[in-house]
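Chains A and B, in that order, give the protein sequences.
Numbering follows my numbering, with no gaps: position 117 of the first sequence is 117.
When you read off a place in the second sequence, starting at 1, and then add 1000, the result is the number in my numbering.
Note that the Cβ used here is the ideal one computed from N, Cα and C, for glycine as well.
Below: one structure, written as structure tokens.
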Amino acid sequence: MIEVKNLSVDLGDFLLKDITFDVKQGEYYIILGPTGAGKTVLLESIAGLHPIRKGEIWLNGKEITNLEPERRGIGVVYQDYVLFPHLSVKENIVFGLRLRRQPRQEIEATLSWLVELLNISHLLQRKPGTLSGGESQKVALARALSVKPAVLLLDEPLSALDPGAREDIQHELRRIHDRLNITVIQVTHDFEEAVALGHRIAVIGEGRIMQIGTSEQIFRQPNSEFVARFAMSRNIFSGEVRDGDEECAVINIGDMEVAAVTELRGEIHASLRPEDILISTEPLKSSARNCLHGVISRIDDRGSTLLLTVTVPPEFICLVTRHSFEEMGLTEWKEVYMTFKASAVHIF
Amino acid sequence: MSHGVLSVRRVSANKMTITFALLALVIMLFVFLPLAKTIFSSSPTMLFDSLLDDKVRGAIWLSLYTALLATVVGAIFGIPLAYILARFDFPGKRTVEGLIDVPIVIPHTAAGIALLFVFGRNFLAGKAFNLIGINFVDSVAGIVIAMLFVSIPFLIDSAKEGFKAVDVRLEKVSRTLGASPWQTFFRISLPLAWRSILAGNVMMWARGISEFGAVMILAYHPMVASILVADRFEEYGLDYARPMAALLILVCLVIFIGLRAFAYSGEKT
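So this is what it looks like as structure tokens:
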């Protein structure tokens, strides 16, 4: 278990102040925040790579605030892999083991365990410069796991990857976490990623932690304007996908059915951008596969645009321009129709 | 000739590139002609004869050897400074960086005088070193510190750029994998900056060999090659100094072409 208490870090332009959170043994913990919120610095502080102005860090009941990074047993994986360019993949992975002067058989055993875990046997003799993004990230993960860290810190591990590799590595991360039952702290700016991977999410912004909770709590009950803005950038649902008629799949969300384009089946998350939902006062005849009927339960005025919360149930957040809003004469409790394409529903 | 090259490579030969090529040709001739003329106006027999001259051989050897010593000392003290300058910000860093480069811009005879004021027999460091039997005036040690003083900026600047080019997060990852700061330096930072450091060493050695002014002030004797050439020119004239000069140019060319090829081998351009 890792505890961060009242941590303050000086970043030159601004401060991380009074950061307090705790991560349970085996938990997959997400720190969610916009770019430039100091997330990387927070991770580096936990790893001992950044001077701390104030506060404490505890790992498994021991204070490690001022311990050197090499004595902490905390692994770090960066967004852009940061593999040692002068060493082969194999030398990268065993770097930490060689430092410990482990016997050869032990090093070989750990290596083959990692190679099997991440399925990278074909890469061992290559140089990092020749690897794809996804391959590089697997090697970086293997290298971090080689020394059996108590905590694995992941700094936007998916952000530099193309969509295919991203799905692949996201799947790997969950699998590795489940298999090793390792404590993971991952920072990201992507709400979907946070929902897909995290047991709990801490939303960070303006140098502070704004809210901590499950994805459900963050999304349904944002405690501040800041968190709401983050959460409202997407509609997120969980449900079950099954085969629908024709080419579309059907997701059951509560009592409601939504068509989507996906190969996935079973328990999933789905996201839908507020700007992809068309609002009308009459049912629309269109090529879009989804048309739902609901009631406007809340209106957030954002100036030139407005965010409508439409309750079916569940609740959908929809974006309309002020012009359309006024033209349709929308008010709270008015019944509306929401139309969106099956392809606008992202399954993850 | 330059026109031919341009048209063959199908570079669009506009007026600007033609003008630049002509100007470039002038400066290239300016550098190459004197060197080539010195070498080729001495017959191979004359070069060989001067190589048989013990004094000439001794002077060239002394130049190579003292410049190498200066480079080794420079590396031991300069590489840590280069690393600090590349990695840390501290008050007065710019001043330090500026001071390091001062030996490049001051006249080297003045540098020699300045060194004499510290390392001369009657001065602070000179006295201290005298206690352990090292004397800097008219000695090998004097040649070494003269060369060290004027050539150290090349090593420090090059090594600093080399360290700067190493992503600091590589060092951070190394630490999280259990490496101490020392292990991280020797396994990550140094190997990755190696090429720049080597290039800096080569530059420093070359600058040491070619040094005249500061060495002349501190240690006219024993004579290094550059001083012997000047000495012969002063005493016996151009014809007598030329074969030795040619030999010196040749030796340096061979060494530096070889070392550059080694230092830059495998580097993608």
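Separation of residue 1016(B) from residue 1001(B), as counted between CA atoms: Here residue 1001(B) refers to the residue found at position 1 of the second sequence. Here residue 1016(B) refers to the residue found at position 16 of the second sequence. In this predicted model, residue 1001(B) has a pLDDT of only 43, less than 50, meaning its place in the structure is not dependable enough to derive any value.
Within 8 Å of any Cβ in chain B, is that where the Cβ of residue 100(A) sits? Position 100 of the first sequence, counted from the first residue, corresponds to residue 100(A). Yes, its Cβ sits closer than 8 Å to a Cβ of chain B.
Going by other Cβ atoms of all chains shown within 10 Å of its Cβ, with 16 needed for buried, is residue 1031(B) buried or exposed? Locating residue 1031(B) in the second sequence gives position 31, counting from the first residue. Classification for residue 1031(B): exposed.
Just curious, the alpha helix (DSSP H) that residue 58(A) is in, first and last residue? One-based indexing of the first sequence puts residue 58(A) at position 58. Taken as a continuous stretch (DSSP letters only), residue 58(A) belongs to no alpha helix (DSSP H), being part of the beta strand (DSSP E) at 54 to 59.
Positions along the stretch 1152 to 1169 of chain B whose CB lies within less than 9 Å of some CB in chain A: 1167, 1169
Contact criterion: CB-CB distance below 8 Å. Does residue 49(A) meet it with respect to chain B? For this step, residue 49(A) is matched to residue 49 along the first sequence. Cβ-Cβ to chain B under 8 Å: yes for residue 49(A).
Is there a Cβ of chain B sitting closer than 8 Å to that of residue 29(A), yes or no? By 1-based counting over the first sequence, the position of residue 29(A) is 29. It does not; no Cβ of chain B falls within 8 Å.
Measure the C-alpha to C-alpha separation of residue 53(A) and residue 9(A) and round it to an integer number of angstroms. By 1-based counting over the first sequence, the position of residue 53(A) is 53. By 1-based counting over the first sequence, the position of residue 9(A) is 9. Distance between the alpha carbons of residue 53(A) and residue 9(A): 5 Å.
Taking the CB atoms as reference points, tell me whether residue 271(A) and residue 234(A) lie closer together than 8 Å. Against the first sequence, residue 271(A) aligns to sequence position 271. Against the first sequence, residue 234(A) aligns to sequence position 234. Contact flag set, yes.
What ranges does the beta strand (DSSP E) occupy inside the stretch 1006 to 1047 of chain B, keeping only unbroken runs of at least 3 residues that lie completely in it? none
Which chain A residues sit within Cβ distance under 7 Å of residue 1180(B)? In the second sequence, residue 1180(B) corresponds to position 180, counting from 1. Correct list: 70.
Please state if the CB of residue 123(A) and the CB of residue 135(A) are separated by a distance shorter than 8 Å. For the purposes of this step, residue 135(A) is taken as residue 135 along the first sequence, with counting starting at 1. For the purposes of this step, residue 123(A) is taken as residue 123 along the first sequence, with counting starting at 1. Yes; because the gap between Cβ atoms is below 8 Å, this pair is in contact.
Chain A contact for residue 1172(B) (CB, 8 Å cutoff): Here residue 1172(B) refers to the residue found at position 172 when the second sequence is read from its first residue. Yes, because at least one Cβ of chain A sits closer than 8 Å to the Cβ of residue 1172(B).
Measure the beta-carbon distance from residue 143(A) to residue 95(A) and round it to whole angstroms, keeping in mind my assumption that it falls under 8 Å. Here residue 143(A) refers to the residue found at position 143 of the first sequence. Here residue 95(A) refers to the residue found at position 95 of the first sequence. The pair is a contact, with the Cβ atoms about 7 Å apart (cut-off 8 Å).
Give a yes or no on whether the C-beta atoms belonging to residue 1206(B) and residue 1256(B) are separated by under 8 Å. Numbered from its first residue, the second sequence carries residue 1206(B) at position 206. Numbered from its first residue, the second sequence carries residue 1256(B) at position 256. Result yes, Cβ atoms of residue 1206(B) and residue 1256(B) sit closer than 8 Å.
Counting only C-beta atoms, is residue 44(A) closer than 8 Å to chain B at any point? For the purposes of this step, residue 44(A) is taken as residue 44 along the first sequence, with counting starting at 1. Closer than 8 Å: yes.
With a threshold of 16 other CB atoms inside 10 Å of the CB of residue 265(A), please say whether the residue is buried or exposed. Here the question's residue 265(A) lines up with position 265 in the first sequence. Exposed, because fewer than 16 other Cβ atoms sit within 10 Å of the Cβ of residue 265(A).
Could you tell me which chain A residues have their CB closer than 7 Å to the CB of residue 1109(B), listed as they occur along the chain? Within the second sequence, the letter at position 109 stands for residue 1109(B). None at all; the shortest Cβ gap to chain A is about 43 Å.
Minimum Cβ-Cβ distance from residue 1066(B) to chain A less than 8 Å: As a working note, residue 1066(B) is residue 66 in the second sequence. No, its Cβ sits nowhere closer than 8 Å to a Cβ of chain A.
If you draw a straight line from the alpha carbon of residue 1126(B) to that of residue 1054(B), how long is it in whole angstroms? Residue 1126(B) sits at position 126 when you count from the first residue of the second sequence. Residue 1054(B) sits at position 54 when you count from the first residue of the second sequence. If you take the alpha carbons of residue 1126(B) and residue 1054(B), they lie about 31 Å apart.
What's the gap between the Cα of residue 1202(B) and the Cα of residue 347(A)? As a working mapping, residue 1202(B) is identified with position 202 in the second sequence. As a working mapping, residue 347(A) is identified with position 347 in the first sequence. Spanning the two alpha carbons is a distance of roughly 59 Å.
Any beta-carbon of chain A closer than 8 Å to the one on residue 1195(B)? Indexing the second sequence from 1 puts residue 1195(B) at position 195. It does not: the Cβ of residue 1195(B) has no partner Cβ on chain A nearer than 8 Å.
Chain B residues whose Cβ lies nearer than 7 Å to that of residue 84(A): Looking up residue 84(A) in the first sequence gives position 84. Ordered by position in chain B, the residues that pass the 7 Å Cβ test against residue 84(A) are 1170, 1188.
If you draw a straight line from the alpha carbon of residue 1174(B) to that of residue 155(A), how long is it in whole angstroms? Taking the first residue of the second sequence as position 1, residue 1174(B) is located at position 174. Taking the first residue of the first sequence as position 1, residue 155(A) is located at position 155. Roughly 16 Å separates the two Cα atoms.
So residue 1142(B) packs on residue 1136(B), CB below 8 Å; how close in whole Å? For the purposes of this step, residue 1142(B) is taken as residue 142 along the second sequence, with counting starting at 1. For the purposes of this step, residue 1136(B) is taken as residue 136 along the second sequence, with counting starting at 1. That belief holds up - the Cβ atoms of residue 1142(B) and residue 1136(B) are roughly 4 Å apart, short of 8 Å.
Note down, one range per segment and in chain order, each alpha helix (DSSP H) of at least 4 residues found wholly within the stretch 1081 to 1150 of chain B. 1093 to 1105, 1108 to 1119, 1124 to 1131
Decide if residue 1076(B) is buried, meaning its Cβ has at least 16 other Cβ atoms within 10 Å, or exposed. Your numbering for residue 1076(B) matches position 76 in the second sequence. Classification of residue 1076(B): exposed, given that the 10 Å Cβ count is below 16.
For my contact list, residue 1180(B) and residue 70(A) are in at a C-beta cut-off of 8 Å; report their separation, rounded to the angstrom. As a first step, residue 1180(B) must be located in the second sequence, where it is residue number 180. As a first step, residue 70(A) must be located in the first sequence, where it is residue number 70. That belief holds up - the Cβ atoms of residue 1180(B) and residue 70(A) are roughly 6 Å apart, short of 8 Å.
So residue 316(A) packs on residue 277(A), CB below 8 Å; how close in whole Å? Taking the first residue of the first sequence as position 1, residue 316(A) is located at position 316. Taking the first residue of the first sequence as position 1, residue 277(A) is located at position 277. The pair is a contact, with the Cβ atoms about 6 Å apart (cut-off 8 Å).
Spatial neighbours of residue 1212(B) within its chain, please: C-beta separation below 8 Å, excluding the five flanking residues on both sides. Residue mapping note: residue 1212(B) aligns to position 212 of the second sequence, counting from 1. Answer for residue 1212(B): 1108, 1226, 1227, 1230, listed in chain order.
Give me, in chain order, the residues of the same chain whose beta-carbon lies closer than 7 Å to that of residue 957(B); leave out the 5 immediate sequence neighbours on both sides. Given a span of 1001 to 1269 for chain B in the structure shown, any question on residue 957(B) remains unanswerable.
Please report how far the alpha carbon of residue 35(A) lies from the alpha carbon of residue 1259(B), in whole angstroms. Numbered from 1 along the first sequence, position 35 holds the residue referred to as residue 35(A). Numbered from 1 along the second sequence, position 259 holds the residue referred to as residue 1259(B). Approximately 46 Å, taken between the alpha carbons.
Using a Cβ cut-off of 8 Å (strictly closer), state whether residue 1192(B) contacts chain A. Indexing the second sequence from 1 puts residue 1192(B) at position 192. Chain A, which has a Cβ nearer than 8 Å to the Cβ of residue 1192(B), makes this yes.
DSSP state of residue 67(A), grouped into three classes? The sequence position of residue 67(A) within the first sequence is 67, counting from 1. Three-state DSSP puts residue 67(A) in coil, outside helix and strand.
Are the C-beta atoms of residue 1094(B) and some chain A residue less than 8 Å apart? Reading the second sequence from its first residue, position 94 is the one you call residue 1094(B). Output row for residue 1094(B): interface = no.
DSSP state of residue 20(A), grouped into three classes? Numbered from 1 along the first sequence, position 20 holds the residue referred to as residue 20(A). Of the three classes helix, strand and coil, the one that applies to residue 20(A) here is strand, per DSSP.
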